[in-house]
Amino acid sequence: MSHEPATPWSVRFRRERQAAWVELEQLVTRCERSGLASLRPEQLARVPVLYRAALSALGVARSSVLDQGLRQHLESLVARAYLVVYSPKRRVAEVVGPFLARGFPEAVRSIRWHVLASALVVLLGGGLAYAMVQADPEHYYLFVDDAMASGRDPTASTEALRATLFGGDGEALLTFASFLFTHNSSVGILTYGLGFVFGLPVVLLLLHNGMLLGAMTALFHDRGLAVEWWSWILPHGVTELLAIVLCGAAGLAVGWQLVFPGVHSRLHALTVAGRRMGAVVAGSVAMLLLAAFVEGVFRQVVHSLPVRYGLASVFAGLWTGYFVFAGRGRR
Amino acid sequence: MTPPLGTETIVTPEGLELHFQRATAAERLVALVVDLGLVLLGGLVLALGLWFTFGAGAVLLVLFLLRHGYFVWFETRWHGRTPGKRLFHLRVVRSDGGPLTVETVLARNLTREVELFLPLTLLLQPDALFADHTGPMRALATLWILGFLFFPLTNRHRLRIGDLLAGTRVVVSPRVALARDLADVRAGGTAPEAVFHFTPEHLSVYGEHELTVLEDVLRKARRGTSDPVVAEVCRRICRRIGWTDPAAIGNQHARFLRDFYAAQRQHLEHRLLLGKRRLFKVARPERR
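Top to bottom, those sequences are chains A and B.
Be aware that the first sequence starts at 1, since it is given in my numbering, and climbs by one per residue.
Be aware that the second sequence starts at 1001, since it is given in my numbering, and climbs by one per residue.
As structure tokens, then:
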């Protein structure tokens, strides 16, 4: 007497599906190694079909298959296929265009009150430093350290100060521009990260930046160089200060969500804010790149006051229009 | 089903829970060191090349872009993997199961400025940060900044601040090959005929847990030769299920266990389909 040994139903379950699993595994392995683009169109079309099938097989296997070897393999196969199927968009052009056209201004509008608060903090720092230096020039050294001042302090002659506003040697322009960009961007990015500590360091950073500006403004006003000083600051300052204010606002928004998460859990609120604010910071870094170019090259070359003020107004109008109107309307 | 220890549970958009093994702090550190090494190497090569052609400005710019762009670029292009992570089979996934978008990758990598580059500057070149400060103020600031670096060690999920802000987890890419079905005679290995046959009474003793252990024993058993573990397991099972004639098994211990495994699995799976589950050999009282 001889008959087949007992055959659990999961043996048949596996026999019917094994070919599809092997096919899926081959496709997934190939994607992991060289990307989705390496698949032929008909293979690409198979991936989601096979994935769904494997997913539902895993659901069944978990509840009623007792073959551990099968279950563990399916768990890993489905997890790997899931990562392939839900992979992000990979073309940079697909992401950058819509982001600049819609995502960035929308994200900025969503935190307009934080932008306002952040700008007020900068103004507060500026006003405070301005008033203090006006009262006693010695206070200047409180706000501007020697490296930053590089000769622009109350002991300098008016002529020397004027010269700093129109100087510039052709050689180092690009170096200067890229130094400014990397420095400002690092500060901007730092501001975002510090939002995590309830936004407190962000306020300090913004105050510090405002004070620097305020103290130097007081010095130049004092010498009757107000018009020249602002022509030196504004062409790039409109863009640069706005970008710094936006980074600060992003940091404040993250801190705000942490303290007042609303109906969500703190973790969830933080994640939602974190993703959107990361985008704001990335947009601001692009703005800083533009500002650094204006600061490092344009400002050193063009000395005519009307042209400088003209460019500053163009930027001011451009940014206002962009952040108020861009990306509204139909999708 | 409760998730195993040390795993991250991700719910796919289809609504199925997947369990990924969580990457340990050590694995992530090593992957990071590899990545930083590559950034440093790439930076060095580029800096040398650019210095002579375009000057210091280009070097500064490229180093900045490399420092921040490296992680964003690779995690976007390679689906949450950088060369370092790939080397150690690590991977970034979103905790809510959605796709890893560019903004998510940006959010988790922009914080490196605070978490990594600032503490690194502090450790390598403290005077660059606070040249004017000494004593307790400096010590406090140092402690504060290092807090960011060690943040992942303070939580169970080993989250960086960037992971927290972006809602991401770092997991180990799973890879388990499909093992042969022990109960499938067509899959090879054993002769197609069953030698031993079991009655329902024989099969009503053990539960799913014991079946899993038996599967493990069979998969690890040495082929061909007689394995003492197999013989011992065979003896115990005979005693427990009341097998009438243990002496008749002879040296066919492996054969006996294989047949018993197939019969037991069929029995339990059949009961499962009817909605009856037996996890252990004796009905254990619920542990408090």
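Just so you know, even glycine gets a beta-carbon here, dropped at the ideal spot from N, CA and C.
The structure presented is a predicted model; accordingly, all values stated were derived computationally and were not measured.
For Arg1094 of chain B, the uninterrupted beta strand (DSSP E) run begins and ends at Leu1090 to Arg1094, by DSSP. If one requires a minimum length of 4 residues, the alpha helix (DSSP H) runs lying completely within the stretch 87 to 158 of chain A are 92 to 98, 104 to 110, 112 to 135, 140 to 143 and 146 to 149, in chain order. With 16 or more other Cβ atoms inside 10 Å of its own Cβ, Pro8 of chain A counts as buried. The C-beta distance from Val133 of chain A to Ala218 of chain A rounds to 4 Å, short enough to meet the 8 Å contact threshold. Within a 10 Å sphere around the beta-carbon of Met1137 of chain B sit fewer than 16 other beta-carbons, which makes this residue exposed. The beta carbon of Trp256 of chain A does not come within 8 Å of any beta carbon belonging to chain B, so the residue lies off that interface.
Inter-segment contact for the stretch 1110 to 1130 of chain B and the stretch 1147 to 1160 of chain B is present: three or more beta-carbon pairs are separated by less than 8 Å.
The Cβ neighbour count for Met277 of chain A, taken over all protein chains shown within 10 Å, is at least 16; the residue is labelled buried. When Cβ-Cβ separations below 8 Å define contact, Asp1035 of chain B makes no contact with chain A. Per the Cβ contact rule, the stretch 1018 to 1028 of chain B is in contact with the stretch 1078 to 1091 of chain B (3 or more Cβ pairs under 8 Å). Annotation: Arg1239 of chain B to Val1205 of chain B spans about 11 Å, alpha carbon to alpha carbon. Phe1280 of chain B counts as exposed, since fewer than 16 other C-beta atoms from the protein chains shown sit within 10 angstroms of its C-beta. The beta-bridge partner set that DSSP reports for Phe1020 of chain B consists of B:Glu1008. The Cβ of Val78 of chain A sits closer than 8 Å to at least one Cβ of chain B. In the displayed model, Val1172 of chain B falls within a strand according to three-state DSSP. By the rule that beta-carbons nearer than 8 Å mark a contact, Pro1099 of chain B touches chain A.
Using beta-carbon distances, Ala1166 of chain B counts as an interface residue toward chain A, with a partner under 8 Å. Under the 8 Å criterion on CB atoms, Arg14 of chain A is classed as interfacial with respect to chain B. Annotation for Ala1263 of chain B: Phe1198 and Leu1203 place their beta carbon closer than 7 Å to its own, counting only its chain and skipping 5 residues before and after. The Cβ atoms of Val238 of chain A and Trp319 of chain A lie closer than 8 Å to each other. For Gln1264 of chain B, the enclosing alpha helix (DSSP H) has its first and last residue at His1253 to Leu1273.
Shown here for Leu289 of chain A: same chain residues with a beta carbon closer than 7 Å to its own, the five before and five after excluded, namely Phe181 in chain order. Between Leu206 of chain A and Val121 of chain A a beta carbon distance of about 4 Å is seen, short of the 8 Å cut, so the two are scored as contacting. Residues of the stretch 282 to 305 of chain A that bring their beta carbon within less than 7 Å of a beta carbon in chain B comprise Ala282, in sequence order. For Phe1052 of chain B, the three-state secondary structure derived from DSSP is helix. C-alpha of Leu1211 of chain B to C-alpha of Gln68 of chain A: approximately 9 Å in a straight line. For Tyr309 of chain A, the three-state secondary structure derived from DSSP is helix. The C-beta of Trp21 of chain A comes closer than 8 Å to at least one C-beta of chain B.
Between Ala1023 of chain B and Val1093 of chain B, the alpha-carbon positions lie close to 11 Å from each other.
Contact of Gly1049 of chain B with chain A by beta-carbon distance below 8 Å is absent, the smallest such distance being about 16 Å. Interface annotation, Asp1181 of chain B: in contact with chain A, CB-CB separation under 8 Å. Nearest to Asp1096 of chain B by alpha-carbon distance, out of B:Pro1174, B:Glu1232, B:Val1170 and B:Ala1183, is B:Val1170. Taking C-alpha positions only, Ala160 of chain A is separated from Arg223 of chain A by approximately 11 Å. Taking 8 Å as the upper bound for CB-CB distance, Ala1248 of chain B and Val1230 of chain B are not in contact here, some 17 Å apart. No Cβ of chain B is located within less than 8 Å of the beta carbon of Val324 of chain A. Contacts with chain A at 8 Å (Cβ-Cβ) include Asp1184 of chain B.
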